[in-house]
Amino acid sequence: MIKDKMDVEEKEMAEFIFEPWKKIVIHEIVRYDIQVLVHLQGLGVQAGQLGRPINWVNGIAFIQHSMPHRGEAIKEQLLGTLHWLLLRFAFMPEYQRAFVIKDGHITVPVIDVSESALFNEMSEWLKKRKQ
Numbered sequence: 025m026i027k028d029k030m031d032v033e034e035k036e037m038a039e040f041i042f043e044p045w046k047k048i049v050i051h052e053i054v055r056y057d058i059q060v061l062v063h064l065q066g067l068g069v070q071a072g073q074l075g076r077p078i079n080w081v082n083g084i085a086f087i088q089h090s091m092p093h094r095g096e097a098i099k100e101q102l103l104g105t106l107h108w109l110l111l112r113f114a115f116m117p118e119y120q121r122a123f124v125i126k127d128g129h130i131t132v133p134v135i136d137v138s139e140s141a142l143f144n145e146m147s148e149w150l151k152k153r154k155q
């Protein structure tokens with residue numbers, strides 16, 4: 025019987041490193057009323073279908089749009105800088121799992137991302153800004 029090399033030698037474990045983003049560059053920020061933000065997530069969606077989800081953290085509903093992952097953007101990401109082309113948000117004090125757009129019977133899910141340190145920091149930063 026031939027033994028696999030991994031059976032004989034001790035298996036090497038991969039090294040895991042957590043390295044948080046050092047900087048987030050937001051190129052445009054647009055504040056909406058929550059009902060408008062929900063409506064935008066239902067545009068182009070067929071009646072009875074799910075709309076595009078909205079994230080929620082610490083009283084802020086939001087959608088972020090990242091820069092395409094190519095060229096210089098990748099180089100900056102490897103150095104710890106993330107670029108968002110657009111951050112759309114609305115104040116939403118209480119979390120709820122979904123909104124229903126009645127005229128199209130479209131459900132827009134809301135994802136609670138409160139466990140994300142990055143998104144918690146973003147929500148605090150947004151609340152301090154004059155909007």
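So for the sequence shown, the working numbering puts the first residue at 25; every next one is plus one.
For each residue, glycine too, the CB sits at the ideal point set by N, CA and C.
Asked: Range covered by the beta strand (DSSP E) that runs through GLN88; Found: 84-90
Asked: Residues near HIS63 in its chain [Cβ-Cβ closer than 8 Å; skip 5 each side]; Found: ILE125
Asked: VAL49, buried or exposed, once every other Cβ within 10 Å from all chains shown has been counted against 16; Found: exposed
Asked: Boundaries of the beta strand (DSSP E) in which VAL132 is found, first to last residue; Found: 130-136
Asked: The stretch 99-106 contacting the stretch 72-85, beta-carbon criterion three pairs below 8 Å; Found: no
Asked: Inside the stretch 59-116 only - alpha helix (DSSP H) runs reaching at least 4 residues; Found: 95-102
Asked: Residue from LYS35, ASP136, ILE130 with nearest C-alpha to GLN118; Found: For clarity, residue 118 is Glu in the given sequence; the question names Gln instead. When each option's Cα is compared against that of GLU118, the closest is ASP136.
Asked: Proximity below 9 Å, CB of HIS89 to CB of LEU61; Found: no
Asked: Neighbour-count burial assignment, ARG94, 16 or more Cβ in a 10 Å radius; Found: exposed
Asked: 9 Å Cβ cutoff, GLY104 in contact with chain C; Found: The structure shown contains no chain C; it holds only a single protein chain.
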